[in-house]
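In numbering that gives the first Met the number 0, the protein residues as written are 0 to 554.
Quick reminder that beta carbons are idealized off the backbone N, C-alpha and C, glycines included.
See structure below.
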Amino acid sequence: MKLKLKEIILNAAKKAHENGALPSSEFPGVEIEEPKVESHGDLSTNIAMISAAIQKLPPRKIAEAIINHLEDPENIIEKTDIAGPGFINFFITMSSWYPVLRKIHTEDTSYGASDIGKGEKIQVEFVSANPTGPLHVGHGRGAAVGDSVARLLSFCGYNVQKEYYVNDSGRQIRTLGLSVFSRYRELHGEDVDFPADCYQGEYIYGFARTLMEEKKHDLQDKNEDDAIIYCARFAAKNILDGIATDLDRFGISFDNWYSEQTLYESGKVDAVIEDLKKRDIIYEKDGALWFRTSDYGDEKDRVVVRQNGLKTYFASDIAYHQDKFDRGFKRIIDVWGADHHGYIPRIEASIAASGRKRDRFNVILVQLVNLLRDGEPVAMSTRSGEFETLSDVINEVGADAARFIFLTRHYESPLDFDLELAKKKSNDNPVYYVQYVHARISSIMRKAEQEKQIKDVAWSDPAVSMLKAPEEAQLIRALARYPEVLQVSAKHLEPHRITFYLMNLASLFHSYYNKHKVLTEDSLLTQGRLYLVVAVKKVIRNGLTLLGVSAPEKM
RNA sequence: GCGCCUGUAGCUCAGCUGGAUAGAGCAACGGACUUCUAAUCCGUAGGUCGGGGGUUCGACUCCCUCCAGGCGUACCA
Numbered sequence: 000m001k002l003k004l005k006e007i008i009l010n011a012a013k014k015a016h017e018n019g020a021l022p023s024s025e026f027p028g029v030e031i032e033e034p035k036v037e038s039h040g041d042l043s044t045n046i047a048m049i050s051a052a053i054q055k056l057p058p059r060k061i062a063e064a065i066i067n068h069l070e071d072p073e074n075i076i077e078k079t080d081i082a083g084p085g086f087i088n089f090f091i092t093m094s095s096w097y098p099v100l101r102k103i104h105t106e107d108t109s110y111g112a113s114d115i116g117k118g119e120k121i122q123v124e125f126v127s128a129n130p131t132g133p134l135h136v137g138h139g140r141g142a143a144v145g146d147s148v149a150r151l152l153s154f155c156g157y158n159v160q161k162e163y164y165v166n167d168s169g170r171q172i173r174t175l176g177l178s179v180f181s182r183y184r185e186l187h188g189e190d191v192d193f194p195a196d197c198y199q200g201e202y203i204y205g206f207a208r209t210l211m212e213e214k215k216h217d218l219q220d221k222n223e224d225d226a227i228i229y230c231a232r233f234a235a236k237n238i239l240d241g242i243a244t245d246l247d248r249f250g251i252s253f254d255n256w257y258s259e260q261t262l263y264e265s266g267k268v269d270a271v272i273e274d275l276k277k278r279d280i281i282y283e284k285d286g287a288l289w290f291r292t293s294d295y296g297d298e299k300d301r302v303v304v305r306q307n308g309l310k311t312y313f314a315s316d317i318a319y320h321q322d323k324f325d326r327g328f329k330r331i332i333d334v335w336g337a338d339h340h341g342y343i344p345r346i347e348a349s350i351a352a353s354g355r356k357r358d359r360f361n362v363i364l365v366q367l368v369n370l371l372r373d374g375e376p377v378a379m380s381t382r383s384g385e386f387e388t389l390s391d392v393i394n395e396v397g398a399d400a401a402r403f404i405f406l407t408r409h410y411e412s413p414l415d416f417d418l419e420l421a422k423k424k425s426n427d428n429p430v431y432y433v434q435y436v437h438a439r440i441s442s443i444m445r446k447a448e449q450e451k452q453i454k455d456v457a458w459s460d461p462a463v464s465m466l467k468a469p470e471e472a473q474l475i476r477a478l479a480r481y482p483e484v485l486q487v488s489a490k491h492l493e494p495h496r497i498t499f500y501l502m503n504l505a506s507l508f509h510s511y512y513n514k515h516k517v518l519t520e521d522s523l524l525t526q527g528r529l530y531l532v533v534a535v536k537k538v539i540r541n542g543l544t545l546l547g548v549s550a551p552e553k554m
């Protein structure tokens, strides 16, 4: 609709120029938008104001000239209006909105899909929590955002891979092994001084107990290093399995799990370092190897190999991101916790140093989640072991509510997650508000079948022409907007826009539902309204699917 | 100190990258169920968009500068 109107406007402007009403033939930056206020029409354009400087005419004069040259063969414009500083407002005829409904029914689950991605290979890496403890609520938010972004991009025509990076190497894994081994010895009655920097959580005992049953005293007899490594591998594998299970319950699956360890084993880390050394991007100082990140915008150079010969996390991350591009991804998106933001310039530097454009790398920084219970904060810390796991939250409030609430905020804004609120089955809780629309329409359809023997809906000109109420016009306009909402969301990587769109659509529907009956004595009207209402149902379902939330038939 | 994020109604937040009279939900107040699910709807009230400058036809949006809060600033990951 917007595109159609834009064409009509530009044609009119051109005509006006040819007839000498406008001096210039240039009309840059013309935009069509939906006015906020209904009295300003269905769509409006800024053309008159934007070109005032070029035309050297007052905006209102330009607007007049354009309106006088409008040609509308399809009869989509009901009336026009010049308002404010020079907006041209267009009122669109009701009948030209109707085809949107048919489009929704025809395209069904793919209504709103587009090919703006043009099949471009793109990777979204998210969660990537260290396998040292269960997922907590913060990971849950990252998971919800990452998964939704991936679904959205895929729907918009990108070829998306979802990846989980497993940090199964490095110090924290050793710490995990030491934690388990210490508890294991403790359980065997040894007098152990449990290290302060080890993981305190109760789950560590669980692994120690299992090992004690399986291995008896075997690990005590091994040399300590081997025992710790054994414990580390055992625990990490179990934790990772648990993470996968939690994610599965959360409706999230990954296309690929990428192990940090394999980066070392394949020699990719050494290869990258060697290469960068040759190019003098990595240099030696004080017995350590440094990356010239400051040459690429970072505030200082960063260590890649420490004095003691051990590589830093940054070292494997250089290789990891390099490898992503080598695997053919045109663009890579990392979803990180906001506390890692200081790390971005480093990775950007490494990408720039490899000669790639920085804009091929995007980071979505997800802000913290404050978990509350009845307004009181719940402490979260992996080390101390007092945390609310994602699994607990799913058990308590359900995956749908949790996912939806995670997506009711822009990810750059901190989120208060109140467990009690999330459980409430009332309008405090926006999930139900949206899902209720789907359930209500399903219910109408059941009723239609029972009482009127209507099993399905179908387009018919006379029936759809019965849709004349203002609320119906509003609903159809909202439905027509959906594809554009998705495209804007995809462009900005902001799934919360879908959430807000759905809440708005839900609100329009509930109002409509309360004011008008769908099933009436007038069979033509009934048929038309059913056609509309089922279109709403489909869009609600499509939107919820992109958020990873179910659309129930009954509530 | 420096860097990133945030500051919009009493509370929680949107605001389509510069558009018209700044929008929702909750809380408050007043209404609507013999009617397709009241997990809903209708109405009332609520604002110097953190402060101050600047850019222009036009600023919550862009620039500068202060103020407040969060996070980061490792040869940790």
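For residue i, three-class secondary structure by DSSP
i, result
"Ser252", "coil"
"Phe313", "helix"
"Asp373", "coil"
"Val123", "strand"
"Ser43", "strand"
"Thr407", "coil"
"His135", "strand"
"Gln306", "coil"
"Ile281", "strand"
"Ala52", "helix"
"Arg301", "strand"
"Val365", "strand"
"Asn513", "helix"
"Arg173", "helix"
"Gln160", "strand"
"Leu186", "helix"
"Ile75", "coil"
"Asp358", "helix"
Residue environment, residue i, which counts as buried when at least 16 other CB atoms sit within 10 Å
i, result
"Val538", "buried"
"Asn129", "buried"
"Asn606", "With the chain covering only 0 through 554, there is no way to say anything about residue 606."
"Asn541", "buried"
"Thr261", "exposed"
"Ser181", "buried"
"His515", "exposed"
"His68", "buried"
"Gly188", "exposed"
"His16", "buried"
"Arg150", "buried"
"Asp340", "This sequence places His at residue 340; Asp is not what is there. Per the 10 Å Cβ criterion, exposed."
Straight-line gap, residue i to residue j (C-alpha atoms, nearest Å)
i, j, result
"Met555", "Asp274", "A query on residue 555 cannot be resolved here, the shown segment of the chain reaching from 0 to 554 and no further."
"Ile65", "Ile53", "15 Å"
"Ile443", "Val517", "8 Å"
"Arg184", "Asp224", "14 Å"
"Ser24", "Arg59", "17 Å"
"Leu134", "Asn513", "42 Å"
"Arg291", "Pro376", "42 Å"
"Ala438", "Leu478", "18 Å"
"Ser380", "His495", "With a pLDDT of 48 at Ser380, under the threshold of 50, the modelled position of this residue cannot be trusted; read the value that follows with caution. If you take the alpha carbons of Ser380 and His495, they lie about 27 Å apart."
"Met554", "Val396", "15 Å"
"Ala270", "Asp325", "13 Å"
"Lys215", "Tyr229", "14 Å"
"Ser38", "Leu474", "17 Å"
"Ala142", "Leu543", "16 Å"
"Val308", "Ile172", "Here residue 308 is Gly; the residue named in the question, Val, does not match the sequence. Rounded to the nearest angstrom, the two C-alpha atoms are 18 Å apart."
"Phe233", "Met0", "59 Å"
"Gly83", "Pro482", "29 Å"
"Gly384", "His509", "With a pLDDT of 46 at Gly384, under the threshold of 50, the modelled position of this residue cannot be trusted, and the question is left open."
"Arg382", "Leu177", "Low confidence applies to Arg382: its pLDDT is 45, below 50, so where it sits in the model is not reliable, and the reading given next is rough at best. For Arg382 and Leu177, the distance between alpha carbons rounds to 14 Å."
"Glu450", "Val144", "43 Å"
"Leu21", "Arg402", "54 Å"
"Met465", "Leu545", "32 Å"
"His491", "Tyr431", "27 Å"
DSSP beta-bridge partners of residue i
i, result
"Glu388", "A quick correction: the sequence has Thr, not Glu, at residue 388. Per DSSP, His135."
"Trp458", "Note: Trp458 sits in no beta bridge, so no partner."
"Ile227", "According to DSSP, which records beta bridges pairwise, Ile227 is partnered with nothing at all."
"Ser258", "Val165"
"Gln434", "In the DSSP output, where bridge partners are listed per residue, Gln434 has none listed."
"Leu288", "Glu283 and Val304"
"Leu414", "Val368"
**In chain order, each alpha helix (DSSP H) run of at least 4 residues that lies wholly inside the region 80–118** = You should have 97–106.
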